Amino acid sequence: MKLITILLLPLGVFSITEILPQIGTVQSTSVQGKLLCNGKPYEKARLKLYEIDPLKDTLMAEMLSDQNGYFKMSGNDTEWTRIDPKLNIYHNCEDEKIECWRKIQIFIPESYISDGPIPQKTFDIGTLNLNAKLPGETRDCLN
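Those letters in the sequence shown? Residues -15 to -1, 1 to 128, by mature numbering (1 follows the signal peptide of the UniProt record, and there is no 0).
Set out below in structure tokens:
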């Protein structure tokens, strides 16, 4: 009997992990802003909106900034608890010769999280000058 339980236990856990996301609540967020490099709009910065998870962050949306340096994106995820969204900005402003991208993380405040798949408010990061080395900035060769 113990052997059967031990053999079936992984199947039960696997099934539960597949079911768990279906049980949570759909939550969403939206973020926008404008990116500059040397005072000019920064086109094609890579933007990724994540939901922070303990094991692996969930990608909710991704896009490139437009020719005016502008972006607006939203995403949603199903979680048991409140989602914990962040925006990653990958760019090479004043750094084109180095292969790895500069990476900035911006954490979205809880007040910009909505219940349901469509966000009710948009977090505006304003205009961000990418020339500056921002606190917490890192390098990312994989993004």
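Glycine included, every Cβ here is placed at the ideal spot set by N, Cα and C. This structure is a prediction, so every number in the text was calculated from the model and none was measured.
- Shortest Cα-Cα distance from P70 to any of R87, E84, A46, W86 involves A46.
- A residue is called buried when at least 16 other Cβ atoms come within 10 angstroms of its Cβ; L72 meets this threshold and is buried.
- Taking E64 as the centre and dropping the five residues before and after it, the same chain places the C-beta of G9 closer than 6 Å to its C-beta, in chain order.
- Below 8 Å, enough C-beta pairs join the region 22 to 36 and the region 50 to 68 to call them touching: three or more.
- A Cβ-Cβ distance of about 6 Å is found for the pair E79 and N116, placing them in contact under the 8 Å criterion.
- Apart from sequence neighbours up to five positions away, the residues of its chain that approach K106 with a beta-carbon distance below 6 Å are Y97, ordered along the chain.
- Under a 10 Å Cβ-count criterion, E122 is classified as exposed, with fewer than 16 other Cβ atoms of the shown protein chains found around its own Cβ.
- DSSP, read as helix, strand or coil, puts I8 in helix.
- Under the three-state reduction of DSSP output, Y27 falls in the coil class, being neither helix nor strand.
- DSSP places T112 in the uninterrupted beta strand (DSSP E) bounded by 108 to 114.
- Here S59 carries a strand assignment [DSSP, helix/strand/coil].
- Of all alpha-carbon atoms in K82, K41, E36, N61, the one lying nearest the alpha-carbon of I91 is that of E36.
- If you ignore the 5 residues before and after K88, its C-beta comes within less than 8 Å of the C-beta of N73, I74, Y75, E122, T123, R124, D125, N128, all in its own chain and listed in chain order.
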